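Numbering (our numbering), first residue to last: 56 to 153.
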């Protein structure tokens, strides 16, 4: 199963063209998250489990457009990845499998 960034939900200005790539997906050890488009502020990355709990959070400088997540210590399942830059929010899914 592969989750495409086109499955993401976007809130904010529809013209900002913020796109997200998550590779590999499904993942077992690490996930590289990359984003392109209008980034107007530092970017917050949250990984949210199926119970709605934030299990990982990081803030990345607005000058950087990628982040590596280590997921080997997380249980298998489907997680929501939320990327926030200023008033723009992008949501997508990550599958963690062993």
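Cβ coordinates follow ideal geometry from the N, Cα and C atoms, glycine included.
All values reported here derive from a predicted model rather than from experimental measurement.
Residue i (DSSP reduced to helix, strand or coil)
{"i": "residue 113", "result": "strand"}
{"i": "residue 84", "result": "coil"}
{"i": "residue 137", "result": "strand"}
{"i": "residue 61", "result": "Only weak support exists for where residue 61 lies, its pLDDT of 42 falling under 50; the value from the coordinates is given anyway. DSSP places residue 61 in helix when its eight states are reduced to three."}
{"i": "residue 78", "result": "strand"}
{"i": "residue 92", "result": "coil"}
Neighbourhood of residue i by C-beta, 6 Å cutoff - its chain only, sequence neighbours within 5 removed
{"i": "residue 84", "result": "127"}
{"i": "residue 78", "result": "87"}
{"i": "residue 125", "result": "85"}
{"i": "residue 100", "result": "113, 122 and 138"}
Beta-carbon proximity of residue i to residue j, cut-off 7 Å
{"i": "residue 112", "j": "residue 91", "result": "no"}
{"i": "residue 138", "j": "residue 148", "result": "no"}
Cβ shell of residue i (< 8 Å), same chain only, five flanking positions each side left out
{"i": "residue 132", "result": "104, 105, 150 and 151"}
{"i": "residue 110", "result": "102, 103, 104, 129 and 134"}
Cutoff 7 Å; reference residue i; Cβ partners in own chain excluding five residues on either side
{"i": "residue 97", "result": "114, 115, 116 and 117"}
{"i": "residue 94", "result": "117, 120 and 140"}
{"i": "residue 153", "result": "83 and 131"}
Residue range of the beta strand (DSSP E) that includes residue i
{"i": "residue 148", "result": "143 to 151"}
{"i": "residue 123", "result": "121 to 125"}
{"i": "residue 102", "result": "98 to 103"}
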